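A short worksheet on the structure shown next.
Numbering (the numbering used here), first residue to last: 17 to 372.
So, in structure tokens, the structure goes:
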């Protein structure tokens with residue numbers, strides 16, 4: 017049983033059918049929102065960060081929101097594998113009081129980010145010329161920039177309602193704000209939603225990482241980030257949950273390690289079955305996911321998610337998540353075989369064949 021199911025857009029499928037899979041094909045990597053769902057990718061991240069990309073001097077654009085952005089920030093540190101292991105260890109062991117407040121969760125999240133980066137991680141990300149890091153956040157507009165819970169609730173409800181009609185309406189409520197160590201590399205075709213770029217600096221890396229993971233009413237928004245326009249900054253997954261960006265604007269390929277075959281544009285689209293990504297945007301994307309058989313073989317027959325905090329005791333949850341991360345090494349092994357020997361190339365499926 018292969019642990020992987022891989023989907024590729026037509027441009028990517030044609031190229032890897034001819035060439036196999038190798039590092040020099042990729043100039044972009046994507047990391048989606050999803051909280052602890054990313055534990056199922058931990059072993060694959062270790063391989064990608066410590067072998068696949070590390071053995072090349074070629075530059076790589078990384079784009080991430082929420083936990084996906086945290087993973088991409090780990091890649092841009094001086095020791096990416098050590099950083100991703102610190103993130104996995106600290107995140108999986110996080111515990112809270114019986115009825116945690118937003119303040120408690122926010123404080124622990126900030127301590128976790130600081131621990132993962134260590135004393136020099138922010139500087140390493142900012143100065144990294146090989147990995148062009150893009151952290152996606154969402155700045156609130158208008159009355160929604162108030163920190164008041166009632167106004168935030170009204171804003172989110174209004175944004176969700178407007179989004180049913182069109183994703184473009186999200187620009188009424190949010191400005192997608194991308195913090196990056198390479199502002200010039202922000203694709204000009206990100207025009208679906210109002211977008212701006214802010215230069216990463218040592219004094220705003222942690223705030224940007226906190227903002228991209230600031231799930232409304234779970235964590236506090238980050239206010240007035242250094243170098244950016246004044247306002248409240250929320251989870252980048254609101255506009256870019258799994259992304260629907262024009263990844264097809266490059267002659268190179270895009271590597272997208274993802275925890276699911278479902279690619280959902282924004283957070284509000286999760287319950288809109290008709291809202292799908294545009295397949296044309298993914299012409300040159302290689303989507304690497306756990307296979308259904310692999311997922312069913314995991315404890316509880318599923319990958320981790322945020323509800324595990326509520327559904328399981330600390331001991332059960334920690335054991336479950338640790339087993340998932342241990343099993344995730346099988347994804348790395350199968351991907352390495354694909355790279356080294358081409359085993360599995362014939363099983364790669366067209367991107368359009370995946371489930372919503």
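Cβ atoms here follow ideal geometry from the backbone N, Cα and C, with glycine treated the same way. Bear in mind that the values here come from a model prediction, so they are computed numbers and not experimental data.
Residue i and residue j closer than 7 Å at C-beta
i	j	result
residue 275	residue 57	yes
residue 216	residue 132	no
residue 68	residue 39	yes
residue 305	residue 282	no
residue 92	residue 144	yes
residue 191	residue 174	no
residue 49	residue 81	yes
residue 63	residue 348	yes
residue 47	residue 298	no
residue 35	residue 139	no
residue 193	residue 150	no
residue 383	residue 222	Shown here, the chain extends from 17 to 372; a query on residue 383 therefore has no answer.
residue 136	residue 330	no
residue 302	residue 279	no
residue 228	residue 252	yes
residue 371	residue 277	yes
residue 201	residue 124	no
residue 88	residue 106	no
residue 355	residue 37	yes
residue 232	residue 288	no
residue 295	residue 368	yes
residue 214	residue 244	yes
Integer Cβ distance of residue i from residue j, believed to fall under 8 Å
i	j	result
residue 220	residue 242	4 Å
residue 156	residue 250	7 Å
residue 290	residue 52	That pair is no contact at about 28 Å.
residue 85	residue 225	7 Å
residue 75	residue 300	Going by Cβ atoms, the distance from residue 75 to residue 300 rounds to 17 Å, so no, they are not a contact pair.
residue 60	residue 344	6 Å
residue 95	residue 268	Not quite, the Cβ-Cβ distance comes to about 26 Å (not below 8 Å), so this is no contact.
residue 445	residue 73	The structure shown does not extend to residue 445, since the chain spans only 17 to 372, so no value can be given for it.
residue 109	residue 334	6 Å
residue 284	residue 176	5 Å
First through last residue of the alpha helix (DSSP H) which encompasses residue i
i	result
residue 324	324 to 327
residue 81	Taken as a continuous stretch (DSSP letters only), residue 81 belongs to no alpha helix (DSSP H), being part of the beta strand (DSSP E) at 76 to 81.
residue 22	That residue, residue 22, is in no alpha helix (DSSP H); its beta strand (DSSP E) goes 20 to 24.
residue 101	96 to 108
residue 331	330 to 343
residue 61	58 to 63
Terminal residues of the beta strand (DSSP E) in which residue i lies
i	result
residue 306	301 to 306
residue 270	269 to 273
residue 317	First-last for residue 317: undefined, no H or E at that position.
residue 42	42 to 47
residue 191	190 to 196
Any chain C beta carbon closer than 7 Å to residue i
i	result
residue 88	Going by chain labels, chain C is absent from the structure shown, which holds only one protein chain.
inquiry  = If we require 3 or more residues per run, which beta strand (DSSP E) segments fall completely within the region 116 to 181?
reply    = Segments of the beta strand (DSSP E) lying fully in the region 116 to 181: 147 to 156.
query = Three or more beta-carbon pairs under 8 Å between the region 264 to 272 and the region 306 to 318, yes or no?
reply = No, the region 264 to 272 does not touch the region 306 to 318.
key: Inter-stretch contact at 8 Å, needing at least 3 Cβ pairs: the region 228 to 239 / the region 257 to 270   = Using a C-beta cut-off of 8 Å, the region 228 to 239 makes no contact with the region 257 to 270, since fewer than three inter-stretch Cβ pairs fall below that distance.
query = Do three or more CB pairs link the region 351 to 370 to the region 71 to 80 at distances below 8 Å?
reply = In short, these stretches do not touch, since the Cβ pair count stays below three.
Complete runs of the alpha helix (DSSP H) confined to the region 204 to 251 [at least 4 residues] = Taking only runs of at least 4 residues, the alpha helix (DSSP H) segments lying wholly in the region 204 to 251 are 221 to 228.
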